[in-house]
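Below is one structure, written out as structure tokens, with a few remarks after it.
Protein chains: 2
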Amino acid sequence: MAEQAPRRTTRQRAAVAAALGQCEEFVSAQELHARLRTDGERVGLATVYRNLQSMAADGEIDMIRRDDGEAVYRACSTDHHHHLVCRVCGSTVEIAGPAVERWADRVGAEHDYAEVSHTVELTGVCASCR
Amino acid sequence: MAEQAPRRTTRQRAAVAAALGQCEEFVSAQELHARLRTDGERVGLATVYRNLQSMAADGEIDMIRRDDGEAVYRACSTDHHHHLVCRVCGSTVEIAGPAVERWADRVGAEHDYAEVSHTVELTGVCASCR
DNA sequence: CACTCAAATGGGAATGATTGTCAATTTCGC
DNA sequence: GCGAAATTGACAATCATTCCCATTTGAGTG
Ligand SMILES: [Zn+2]
Ligand SMILES: [Zn+2]
Ligand SMILES: [Zn+2]
Ligand SMILES: [Zn+2]
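Residue numbers (this note's numbering), protein chains in the order written: chain G, 26 to 155; chain R, 26 to 155.
Below, the structure written as structure tokens:
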């Protein structure tokens with residue numbers, strides 16, 4: 026299914042991965058670039074974009090979109106899962122939902138769609154923000 | 026939950042709604058603006074954006090995001106549902122899934138999140154595109 | 001290690017969707 | 001009809017993301 030593009034290990038790619046690993050919440054490419062710069066790492070903005078995108082494509086990291094459409098990324102356990110995000114403070118809970126997975130597969134099959142993938146994100150207001 | 030902002034009926038708003046109703050697939054604000062112009066309707070681009078956004082906020086129309094992040098809209102049955110979109114031709118199937126609804130509610134409750142809403146979109150390759 | 005070459009980088013310009021501005025117009029209750 | 005408030009429109013301004021392309025670098029090869 027997924028065409029694996031050749032990937033080299035570069036200082037920049039490692040720096041991006043490391044910086045992302047430090048982040049608690051989802052961060053945009055711009056934000057991560059700023060952090061890298063603050064940390065003294067010298068990585069071009071375009072490179073941050075390219076690496077985040079390829080890592081997301083390879084399933085190494087998660088990518089979702091904010092309400093305004095901006096893409097935000099986060100390093101997390103590699104196995105497939107979803108998120109429950111607080112609309113107020115942004116705190117996130119990772120959800121492993123075998124239930125949704127099965128549902129998605131079934132719906133795809135019912136309508137004869139192949140290679141079905143899904144986007145499932147939950148948002149709400151966490152206990153401490155109420 | 027939803028604060029209903031006062032909405033007036035204007036020629037432009039009606040034109041946007043009508044044009045959207047004619048569309049088979051999801052369309053972006055830009056595309057809809059072009060269609061209106063072609064049809065001889067004179068509506069400003071900013072107005073198309075504003076109306077699509079407010080209609081989506083009111084739940085009158087659906088809004089999802091393309092892979093590139095661009096927002097696309099579609100008029101459809103007003104009751105809550107989800108979509109299964111073909112990655113190749115864009116053909117869409119509307120999905121009414123009581124199963125997901127229950128799952129989302131349960132997960133929210135389990136983690137003590139209030140006002141939980143969800144985003145669920147499926148993509149695949151339809152039969153005729155294989 | 002020296003050598004080769006495609007992959008990767010950077011950074012500044014270009015793109016393109018979306019938003020902001022604000023005067024002019026329109027709606028609608030009174 | 002009147003007037004306050006909502007809406008519109010043309011255009012400028014934002015701003016994330018992509019392009020371009022000369023330069024650097026990773027990683028086999030012998
Ligand atoms: Zn919170
Ligand atoms: Zn729909
Ligand atoms: Zn198709
Ligand atoms: Zn639902």
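Here a beta-carbon is modelled for each residue, glycine too, at the ideal position from N, C-alpha and C. Since this is a predicted model, take the numbers as computed values, not measurements.
Check: With a threshold of 8 angstroms between beta carbons, is Ser-142/R in contact with chain G?; Outcome: yes
Check: Ignore the nearest five residues each way along the sequence and tell me which others in His-143/R's own chain have a CB closer than 6 angstroms to its CB.; Outcome: Ala-129
Check: Should Val-145/R be counted as a contact of ligand 4 given a C-beta to heavy atom distance under 7 angstroms?; Outcome: yes
Check: Which whole-angstrom value is the C-beta distance of Arg-99/R and Phe-51/R, which I expect to be below 8 angstroms?; Outcome: 5 angstroms
Check: Can a CB atom of chain G be found closer than 8 angstroms to the CB of Arg-38/R?; Outcome: no
Check: Taking only beta carbons into account, state which residues of the segment 88-100 of chain R come closer than 7 angstroms to chain G, listed in chain order.; Outcome: Arg-90, Gly-94, Ala-96
Check: Would a C-beta distance cut-off of 8 angstroms place Val-97/G and Val-73/G closer than the cut-off?; Outcome: no
Check: Please check if any C-beta of chain R sits within less than 8 angstroms of the C-beta of Leu-147/G.; Outcome: yes
Check: Closer than 7 angstroms: is that where the CB of His-108/G sits relative to any heavy atom of ligand 4?; Outcome: no
Check: Less than 8 angstroms between C-beta atoms, sequence neighbours within five positions excluded: which residues of the same chain meet that for Ala-54/G?; Outcome: Leu-70, Val-73, Tyr-74, Leu-77, Ala-96, Tyr-98
Check: Taking the alpha-carbon of Arg-67/R as reference, which of Ile-89/R, His-136/R, Ala-39/R has the nearest alpha-carbon?; Outcome: Ala-39/R
Check: Taking C-beta to C-beta, are Leu-109/G and His-105/R nearer than 8 angstroms?; Outcome: no
Check: Are the C-beta atoms of Cys-114/G and some chain R residue less than 8 angstroms apart?; Outcome: no
Check: Considering only residues of the segment 61-121 of chain G, which uninterrupted alpha helix (DSSP H) runs meet the minimum length of 4 residues and lie entirely inside it, listed in chain order?; Outcome: 70-82
Check: State buried or exposed for Gly-65/G, treating a residue as buried only when at least 16 other CB atoms are found within 10 Å of its CB.; Outcome: exposed
Check: Report yes if the C-beta distance between Ala-139/G and Arg-36/R is below 8 angstroms; otherwise report no.; Outcome: no
Check: Tell me the DSSP secondary structure of Glu-140/G in three-state form.; Outcome: strand
Check: Which first and last residues belong to the alpha helix (DSSP H) in which Ala-129/R is found?; Outcome: 123-135
Check: With a threshold of 8 angstroms between beta-carbons, can Ala-124/R be considered close to chain G, or not?; Outcome: yes
Check: List the residues of chain R whose Cβ lies closer than 7 angstroms to the Cβ of Ala-152/G, in chain order.; Outcome: Asp-137
Check: Measuring CA to CA, which of Gly-115/G, Glu-126/G, Met-88/G is closest to Ala-152/G?; Outcome: Gly-115/G
Check: Can you pull the chain G residues whose beta carbon is under 8 angstroms from the beta carbon of Leu-109/R, in chain order?; Outcome: Val-132, Gly-133, His-136, Tyr-138, Val-141
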